[in-house]
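Remarks on the structure that follows.
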Amino acid sequence: MGSRARMLLLNGLVAVLLVAGSVATAQAAAATSAQQLQQVAASLEMYVDPLPQMPKILGYGFQQGRVVPVNLTIGMFQKNWKFHRDLPATPVFVYGQCADSATFPGPTIVARHDVPLSVTWENHLPDRHILPWDPTVPTAIPKSGSGVPTVVHLHGSAHPPQSDGSAFAWFTSNFRETGPAWTQATYRYPNVQPPGNLWYHDHALGLTRANLLAGLLGAYLIEKPEVDGPMDLPCDADDLHLVVADRSFNSDGSLFMNATGNDPAAHPQWQPEYFGEAITVNGKAWPVLAVKRRRYRLRVLNASNARYFNVSLSNGLLPFHVVGSDSSYLAAPVTVTSLLIAPAEIFDIVVDFASSSPTAEIEMTNSAPYPFPTGAAPGPRTGKVMKFVVTANGPRDAPDNSTVPEREVPYANVASPGPTSATRYIAMYEYLTPSGQSTHLYINGLRLEDPVTETPRSGTTELWHVINLTGDNHPLHIHLGMFQAVKMQQLVDLQTFTDCMTAVNDAVKCGVNQHAVGDVVPVPDHEKTWKNVVKIPPGFMTTVVVAFKLVDTNQPYPFDASAEPGYVYHCHILDHEDNAMIRPLKLLP
Ligand SMILES: [Cu+2]
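Numbering (mature numbering (1 follows the signal peptide of the UniProt record, and there is no 0)), first residue to last: -28 to -1, 1 to 561.
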C-alpha cells in the first residue's frame, strides 16, 4: 500500500498482547505480489458471467392460509466456488441449508414483519482456515489449536442480546469449543422492526475480516405487505439483490489475503485495510445482467472489508431513484446520479431502463478513492462494477405496472427526533508508528474489553457527537439501535485538538465547542432515514441521533434489551473492527 498521508497520532504505542503461536498461513498466498494480483485480475474478461441471484429461503411458513413462524437450520460449509468463467473453482466458506446449495454470498432469507424466526447456525467448517489470520489482534483462539471460530450477527436487526452474535459467543465445528459469551445454538429474530434490508454475516472476535473475506455473509430482508404493497415498487423478477465485494485472487484462482502485516513487528499479518483488485457482485467478478426496458428494484449492499464505492450508471447518464437505505425506507424517493456506499451500507434503489435504447449497454462504474476519501483513485478494473445489457421487450412480457412512489414511509421522528436523554462524545483514534504505519485503532482510546461506557436506557433517544481524529472516513455501525446523522461540522485547529484529545481523551476539557465551528456539510437527502451505518468523515464532528426503540411505533423493544452479553458499536471497515475499533454497548432497563 505504501506510505499514506495520515495524521500522526503518537500516543505511545500500546503494548500489544502477544499470544503464543504464529500466523496461520493455509496457503502459499504470501508469495503473491501486488503486481501478480493485478495481473490475475487483468486477465479476467469483464462482463462474461451472468449475474446470479442467490437462492431464497422463506423465514416463515403457511398453515391453513395463515403465516406462521418457522425454525431454520443454516450451516457454514467449505466448498469450491467459481468467481469467474476463467478462474478455477476455489475454496470458500459459505452459508447454506446444505453444502451443495451453499452460495457466495449465502442464501437470501426473506422474513415477515412480526413473525419471529429461529435460526440454528451450524459450523461445519474444517479445522484450518483457508485465509491467514493474526493472533496478535484480540482474537478467538480455540484451546485445541484447531477449528474455525464463527458466530453470526444479523446486521440491522432489533433482537435480544443473546441472539446478537457477540464476538465472544463464537463456536467451532459441532460446538466443540465455544467462546466465553456463548449461551445458545439457536438465535431468535423477532422481526418487530419496520420492513427493510438487512444482512447476516460473521462476527467472531478478531476473525471477522477473514471470515467475511472467505464468504460468510448473506442478505436478509423483512417484508411487510401493508407497507410494501401500496408502493408498487418493482417486484418478483424485477427485484434484485446486488451484493458487491472486492476480492483479489492468486494465480491459482484462490482467494488472496495478505499473510504479512504492514508493520510486522506489531502485527505479523494485520493490515489496516483490505482492497481487492477484482470487483465481484453476487459472487462473480464483473458480471453482466440482461434487463428489459422497464423498472428494476436493486438492493445494493457493499459487503467489502474496506472499499467504499461511489457508483453511477454510465457516468451519470441514468439516475438512481433511492427508496431506502440500510433497513429503512425513505420518507420519499430521492433521485441521484451517484451513490457513495460505505462498507456494510445498503441502498435500495429503482433504475428505469425504459428510457434506454433497446441495445444499450450500461456500465455501473466506481469512482471512490481507496482508502476513502484521500487514497488513490480506482484503476481501470476497480473502477468498474458490472454491466447491464438492455434487451427489447418481448410480446409476452408483462406490462410494467411498477412505480417510483411519490411518498413512502414518513417515520414521524426522522426530522425532529424529540427530546434526547443523553449526549455523548465518541472519538475515533488511529495509532501510528513514527514512520506512519498503522498499528491499531480505538474508539475513545479504549479497548473492547475495557468497562462499558455507553449505557443508554432502553426506549430512549440519545445524541452522539462522533469526532473523527483519523485520516479516513469510517462507517460507524451500531447493533440494536438505529441512527442518523443530523449535522456534519468540520473541526478547526485540528492538530491542537487532536494533540489534546490524544493526551486527555476528553472532548469537553479539550474545548470541543471552540473546534467544532468549521464548515457544515449537509447530510445527503437520501441518507435522512433511520440507518445502521453512518459515514463519519475525517476531521469532522458528526452529530448522530441514536434511537434505542422501535422507530415506526416509538414503542420500546418487546424483549429485554438489557440482558447479557449486551451489544456493541463499531467501525465496519472489518480490518478496523478487528483491531479494535469496537466498544461494548449495554442497555439499561
Ligand atoms: Cu474504521
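The beta carbon of each residue, even a glycine, is placed where N, CA and C say it ideally should be. It should be emphasised that the depicted structure is a prediction, and the values quoted were computed from it without experimental measurement.
| Query | Result |
| --- | --- |
| How big is the Cα-Cα spacing for GLY453 and ASP524? | 13 Å |
| Name the DSSP bridge partner or partners of ASP320? | ARG271 and GLY296 |
| Kindly examine ligand 1 and report whether one of its heavy atoms sits closer than 6 Å to the Cβ of ILE415. | no |
| Can you round the beta-carbon distance between GLN243 and ALA231 to whole angstroms, since I take them to be within the 8 Å contact cut? | Not quite, the Cβ-Cβ distance comes to about 10 Å (not below 8 Å), so this is no contact. |
| So for GLY33, helix, strand or coil by DSSP? | strand |
| Note the first and the last residue of the continuous beta strand (DSSP E) segment covering residue 577. | The chain is shown from -28 up to 561; residue 577 falls before or after that span and cannot be answered. |
| Using a 10 Å radius around the Cβ and a threshold of 16 neighbouring Cβ atoms, would you call THR337 buried or exposed? | buried |
| Can you name the start and end residues of the beta strand (DSSP E) that ARG38 belongs to? | 38 to 53 |
| Are there 16 or more other CB atoms within 10 angstroms of the CB of PHE147, so buried, or fewer, so exposed? | exposed |
| Grab the span of the alpha helix (DSSP H) containing ASP547 for me, first residue to last. | 546 to 549 |
| How many Å lie between GLU249 and ALA394 at the Cα? | 44 Å |
| If the criterion is Cβ atoms closer than 7 Å, does the pair ASP204 and SER374 meet it? | yes |
| Hey, would you say GLU195 sits closer than 7 Å to ARG271, going by beta carbons? | no |
| So, is PRO60 buried or exposed, given that buried needs 16 or more other C-beta atoms within 10 angstroms? | exposed |
| Using the beta-carbon count (16 or more within 10 Å), is ALA552 buried or exposed? | buried |
| What residue range is occupied by the uninterrupted beta strand (DSSP E) comprising PRO197? | Here PRO197 belongs to no beta strand (DSSP E); instead the alpha helix (DSSP H) covers 197 to 200. |
| Mind checking who MET358 pairs with in its DSSP beta bridge? | MET336 |
| Quick check: does the Cβ of ILE194 come within less than 6 Å of any heavy atom belonging to ligand 1? | no |
| Helix, strand or coil for ASP208? Go by DSSP, reduced to three states. | helix |
| What does the Cβ neighbour count give for GLU426, buried or exposed, with the cut at 16 atoms within 10 Å? | buried |
| I'd like to know if the region 302 to 321 and the region 497 to 506 are in contact, where contact means that at least 3 CB-CB pairs between them fall below 8 Å. | yes |
| Verify whether the separation of the beta carbon atoms of ALA332 and VAL362 is less than 7 Å. | yes |
| With distances taken from CA atoms, which of VAL215, ARG555, ILE398 and PHE319 is nearest PRO537? | ARG555 |
| Pull up the DSSP beta-bridge partners for MET203, would you. | Looking at the DSSP assignment, MET203 forms no beta bridge with any residue, so it has no partner. |
| Mapping DSSP to helix, strand and coil, what is GLN462? | strand |
| Using the beta-carbon count (16 or more within 10 Å), is SER5 buried or exposed? | exposed |
| Could you give the residue range of the alpha helix (DSSP H) that holds VAL484? | 484 to 487 |
| Under the criterion of a Cβ to heavy atom distance below 6 Å, does ILE439 qualify as lining ligand 1? | no |
| Determine the contact status of ALA112 and ALA176, defining contact as a CB-CB distance below 7 Å. | yes |
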